[in-house]
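What follows is the structure, encoded as structure tokens:
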């Protein structure tokens, strides 16, 4: 077990498995969010369901997500350190041939997403006042409308969603390859399904801040 | 010097069996007490080192590249022969044996060739077991193709990279033994001297090409698998590093050098593009299965685009001269025919040194996809080098030095005239006579390494007592000193000309006077020119850098210095052999344009013995006796 | 043959493994477009030697794209700008008159520079030593046709076996990962029936060795595949991962060490 974790492939497998959990989560989260377009009652009821009615289940999921994020980030960090150490002298000139922008931004994009995640939880779950002074517990709908009433947050969230899209674009493509289960392809670098997932999730999430900003959600 | 070929008695087909029984064995527990040095890690060296280590011997293996996987065996494209008769087309051990003796123009030793044909089948089994991904039929069985000079399909192949795959098989076996500790591998080490103690080969002197350290290595037996000397011509299809140093040093220590004039000029290489050319690239002979060779009938047409030359104005000269073999005629014959066409002023391309190899018929018959399936990688390579698309315009090809049949003289046990010094693969002379057939080099290298040497080395070790020798022995110290002196001398000349410029000039002399066609006048001129060039080399060469560090100029200088001496031996041999046979074509000896052998006087192996600096080498003859094969004029008409 | 070109080279020079390296600039006038890249360097070196200077050290041998000895990073691309091409097969017609070309060695901790553009690739051999073979001794195997191998499997195995061990995958990988090389050997042998008995153990050992040698991990950039002169697919890395995962579940742990050879 320890040997597996210590190997570069093992760490990548951990990243892939935790990544899969997180992909599942963002899809569900995104779908849940879209209920905001069904009005405040529906949305607040959804929030209540999660935070009161099935709180035990919510906690179980929270723990699983927390562990996934930690393992995902930890293995990413260790693999990054390993990569940096593997090339102590940099090239004076290195031209990317086929690697995508998405793949090259996984690391810093990941760090950005991690910071964003903390802000996001602080803002809407923990109600940190410096992020959202008017935060009302159990007032999910109102909190969302208040936050995205400010252009700054709309921009921050849209940028975050852009990075999420890139992260998903490479991550969902790489995950099946890392786990050794993808099919062989004549053009293994093509990635249609990952593109669909990434765009759907990102657009779905972005509709909420955009909806508020454009006045569709009030 | 007495040449004892040690051919076992008895019927040809039983000789090897009988010999295997007669040879002494080394007790398994004693094997690891014997230390064997293998120089070279190509097909022969790697297979020998791995097999001996598997048996339990303590082996050291040396390669000048950074990994044993890079030896030039890797570049063999076409395939490997074996008498499996999987195609049911009439092949047999005896036919493979006969084709090889005939292909070699009756200048090879019958018993060795027969053994080669016998073990050819084991080689295929061995390689498949190692995971060599040979071409397959849909039913899962091995595929075969026919290959230059054979009328049966006995050639096994792995796309156009057969040599690579066979070498990787041997390399992996070698790495397996390195991991087990049976073989100690010395990469980036070049052998610069053989050490002979009391008349017996007991070690070598090497230079660590990274640190420059000159080191002595003691062993109970030394095996040279150091390849051929084609680079004496400067331009050849050999890798840049291929050299004669190991075998030439052995020659100077008393090993007879056999038939140095037998050099193979391969008919299908990409023509020289300009003065800058550093090496020539082979296009696999398998291309001749589907390509048709032609030149314009009229000189005036040579400047035209090939598509502008009407069918009736083309001379498919191989099909015309050799109707039964046509484009598949043996290498020496095809090469010479190309030279004749170009000498006649009908060559094509820059400098008029090229002939067309045309796939138009095959493409219209089979379709471009099928041709791409068969030769895609070769077509791509051609296009990369020449910037011409062979699917649209015919390839231009010209002969180039490719393989050397000559090498250190060895007996049936692959032992040279120095006891304890064995020689395998291209480095020895034994199996190909005056001309090697396509897909036979891989077969011979692996036969020697996997299935012959591991037996005969045991016999040698079991039959002799070995006194304890250390590197302090005066012979080792003398050899070390001579290597040091030579290095110092090369570095100290500090002349004006680069090593490459000398090498190029030497190559030119040989290509013109001891190349595809030779005559006494040219050879005598060469014997004048080579020594004076050598003299100039030792006066005016410049070798930058120092001896105690990584120094590629120094490596080259040492090799070229040996080529300078070896070239003279080669020309001497070519001059003495007053007949035409296989790759050795003397213009004076021909009949209606075909090579004319002289079996009365020259049915022997010429084994040259070093007689000291400035002395003419001594010729020793091993008569070739043919019991099973009827000596005949080779006809491919 | 068109006219000649004038090229400016920026070449990494380093006198030894521990010496500091730096770029030096050389003018290379009169270069024919029909020259190979290495022939161009030959000419530069001839001129350096004639001028009493130390020539540029670079590895090369067969010069026909198969031995895997040569390898330079040319203008930021391993083996230069042409696809499916080794440095020795790259021709100067890929460049223009007046071009400036930056030449660097393979850069990786596991590949220390020996001199100038020459690096030590011994870790590749050690990865093979860890398990890149089928354990059969000479003379053991049965008749070659006793073991049928489907044509598609044989072809796929050959695709992987085409690796020339040049190390361009490492050089091109932003992580300096050797996964493509390792995966190619694991797949070459693992796709064949002969390779089955040792298949999973082989994957465990070779992966352990490549980690030990100090290469980076694979993040599937795909740069290795683009640089590979033999076009070896990253699908083989997927296969290696699958074999490694299955081996981790089913096989006893393996041990590897540095050194050997």
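Chains as they are written, first to last, in my numbering: chain A, 35 to 252; chain B, -11 to 625; chain C, 126 to 386. Using N, Cα and C, we set each Cβ at its ideal position, and we do this for glycine too.
Are the C-beta of residue 438 of chain B and some C-beta of chain C separated by less than 8 Å? yes
Host alpha helix (DSSP H) of residue 86 of chain B (start-end): 81 to 91
Best match in B:543, B:36, B:248, B:159 for proximity to residue 418 of chain B [C-alpha to C-alpha]: B:248
Give me the Cα-Cα distance between residue 132 of chain C and residue 136 of chain A, rounded to the nearest whole angstrom. 35 Å
Sheet register partners of residue 303 of chain B (DSSP bridge): B:283
Does residue 624 of chain B have its Cβ less than 8 Å from a Cβ in chain C? no
Quick one: which chain C residues come within Cβ less than 8 Å of residue 225 of chain A? Here the premise fails: no neighbours, minimum Cβ distance about 10 Å.
If contact is defined by three or more beta carbon pairs under 8 Å, each pair taking one atom from either stretch, is the stretch 231 to 246 of chain A in contact with the stretch 197 to 207 of chain A? yes
Using a Cβ-Cβ cut-off of less than 8 Å, give me the residues of the stretch 282 to 303 of chain C that come near chain A, in sequence order. 297, 299, 300, 301, 302
At 8 Å on the CB atoms, spell out the chain C contacts of residue 269 of chain B, in chain order. 188, 189
Quick one: grab the DSSP three-state call for residue 598 of chain B. coil
Look up residue 58 of chain A in the DSSP assignment and say whether it is helix, strand or coil. helix
Exposed or buried, which one is residue 53 of chain A when buried takes at least 16 other CB atoms within 10 Å? buried
Tell me the start and end of each unbroken beta strand (DSSP E) in the stretch 363 to 401 of chain B that is at least 3 residues and wholly inside, in chain order. 383 to 392
Residues of its chain near residue 72 of chain B, where Cβ-Cβ distance is below 6 Å and the 5 sequence neighbours each way are ignored: 109
Which runs of the beta strand (DSSP E) fall wholly inside the stretch 165 to 221 of chain B and span at least 3 residues, in chain order? 171 to 174, 177 to 185, 188 to 196, 202 to 206, 209 to 212
Taking 8 Å as the CB-CB cut-off, is residue 353 of chain C touching chain B? no
Spatial distance of residue 362 of chain B from residue 66 of chain B (CA atoms): 11 Å
Could you work out which residues of chain C lie near residue 116 of chain A, taking near to mean beta carbons separated by less than 7 Å? 341, 342
Report yes if the C-beta distance between residue 128 of chain B and residue 274 of chain C is below 8 Å; otherwise report no. yes
Contact the stretch 572 to 581 of chain B vs the stretch 225 to 239 of chain B: 3+ CB pairs below 8 Å: no
Between which residues of its own chain and residue 141 of chain B is the CB-CB distance below 7 Å, once the five residues before and five after are set aside? 75, 77, 132, 133, 134
Within the continuous alpha helix (DSSP H) that includes residue 345 of chain B, where are the two ends? Per DSSP, residue 345 of chain B belongs to no alpha helix (DSSP H); it is in the beta strand (DSSP E), 343 to 346.
The stretch 67 to 86 of chain A in contact with the stretch 162 to 172 of chain A per 3-pair CB rule at 8 Å: yes
Roughly how many angstroms separate the alpha carbons of residue 172 of chain B and residue 395 of chain B, rounded to a whole number? 26 Å
Going along the chain, which unbroken runs of the beta strand (DSSP E) with 3 or more residues stay wholly within the stretch 21 to 91 of chain B? 23 to 27, 46 to 50
If we define contact as Cβ-Cβ less than 8 Å, is residue 148 of chain C a contact residue for chain A? yes
So what does DSSP say about residue 128 of chain B, is it helix, strand or coil? coil
Using a Cβ-Cβ distance cut-off of 8 Å, determine whether residue 278 of chain C contacts chain A. no
Stretch-stretch touch, CB-based, cutoff 8 Å, three pairs: the stretch 530 to 543 of chain B with the stretch 554 to 573 of chain B: no
Of all the CB atoms in chain B, is at least one closer than 8 Å to the CB of residue 331 of chain C? no
For the stretch 107 to 123 of chain B against the stretch 167 to 184 of chain B, do three or more pairs of beta-carbon atoms, one drawn from each stretch, fall closer than 8 Å, so that the two count as touching? no
Are there three or more Cβ pairs, one per stretch, closer than 8 Å when the stretch 392 to 408 of chain B is compared with the stretch 239 to 253 of chain B? yes
Would the stretch 204 to 224 of chain C count as touching the stretch 145 to 161 of chain C if we require 3 or more Cβ pairs under 8 Å? yes
Consider the Cβ of residue 368 of chain C: report whether some Cβ of chain B lies at a distance smaller than 8 Å. no
Output, in chain order, the set of chain C residues within a Cβ distance shorter than 8 Å of residue 125 of chain A. 198, 201, 229, 232
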